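Quick note: the sequence shown uses this note's numbering, first residue -10, plus one each step.
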Amino acid sequence: MRVLFIGDIIGKPGRVALKKLLPEIIGQQDIDFVIANGENSAGGFGINRDIASSFFSYGVDVITGGNHFWDRRDIYPALEEFKNIIRPANYPPSVQGKGSGVFESKSGKKVGVLNLQGRVFMTPIDCPFRIADREVAELRRKTNVVIVDFHAEATSEKQAMGYYLDGKVGAVIGTHTHVQSADEQILPNKTGFITDAGMTGPYHSVIGMEYSASIARFLTGTPVKFKVAEKDIKLSGVIMELDHRDGSCLSIERIKIDLKD
Ligand SMILES: [Fe+2]
Ligand SMILES: [Fe+2]
């Protein structure tokens, strides 16, 4: 089965790219299941109910989160309404929402999706490796096809997670840095891997934000308000072919598609 994973969607430019490009990609690439990281889709910070709902109408099957997932409070009640919005599973047990689930693909196949968050240069939440053990075992009871969105800053932590879960899941896809890495590969035990899927949004920017504000922050060390950039919009991610019987990854390919005017 062919699965599309879309990297962090940034503000309105990212949403427009998704709306215009996703139906085309699904048709042309025969995509059966779509996962999209939505943590930056509302003004660059967080996601809200209406945006999540629109993503599902464009063809997204599951929305994953990350450290910015919590920035808009109106997503909290929507977690009850939409079971196919998940957030990193290794937040402490009292935190709202779920970190994994089994969902149905467009052709009716069962796909497990797990969202985890790294701890290096990030908020030190629960151990993503130990939580992965628990969650993957639970998902594998229901389906052999499991895909992990590992939302993390450090390349080392992401690579370690890839090898840790090699042979246990179909793919470990990195998100959060917003810069697509050129290391997509199939690990020795048939797990697809990429350090970062990249971002869907404006590339004439510093990770999606107007570069002037970012430079000012670095120059002054003081807070400067970020604004989502507008130019050079692209959709980034990976397309994977997974064997739906045993869940192994047969191919993984990077995509980065321009939004033409
Ligand atoms: Fe992000
Ligand atoms: Fe993030």
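Glycine residues also receive a C-beta, built at the ideal position from the N, C-alpha and C atoms.
All values reported here derive from a predicted model rather than from experimental measurement.
Those residues which DSSP pairs with residue i across a bridge
i       : result
Asn26   : Thr53
Asn104  : Asp138
Lys1    : Bridge partners of Lys1: none, in fact.
Gln174  : Phe182
Gly190  : Lys223
Arg(-9) : Glu230
Ser240  : Glu230
Val84   : BP columns for Val84 are empty, so no partner.
Val217  : Met198
Three-way DSSP call (helix, strand, coil) for residue i in this model
i       : result
Ala160  : strand
Lys245  : strand
Ile196  : coil
Gly(-4) : coil
Phe110  : coil
Gly90   : strand
Lys95   : coil
Pro12   : helix
First and last residue of the uninterrupted alpha helix (DSSP H) at residue i
i      : result
Gly122 : The sequence given here has Asp at residue 122, not Gly. From DSSP, the alpha helix (DSSP H) with Asp122 extends over 117 to 129.
Gly339 : Lying before the first or after the last residue shown, residue 339 is absent from the chain, which here runs from -10 to 250.
Phe207 : 200 to 209
Ile75  : Element bounds for Ile75: n/a, residue is neither H nor E.
Contact belief for residue i with residue j at Cβ below 8 Å, rounded distance in angstroms
i      : j      : result
Ile52  : Ala25  : 6 Å
Met111 : Ala141 : 7 Å
Leu151 : Phe182 : The question names Leu, but residue 151 is Gly in the sequence shown. With a Cβ gap of about 4 Å, Gly151 and Phe182 count as contacting.
Ile241 : Met229 : 5 Å
Val109 : Glu69  : Incorrect: roughly 32 Å between the Cβ atoms, too far for contact.
Where the beta strand (DSSP E) containing residue i begins and where it ends
i      : result
Leu224 : 222 to 231
Phe45  : It is not in any beta strand (DSSP E) - Phe45 instead sits in the alpha helix (DSSP H) that spans 38 to 47.
Residues near ligand 2, criterion Cβ-heavy atom distance below 6 Å
Counting every residue whose Cβ lies closer than 6 Å to a heavy atom of ligand 2, we get Glu28, Gly55, Asn56, His57, His140, His165.
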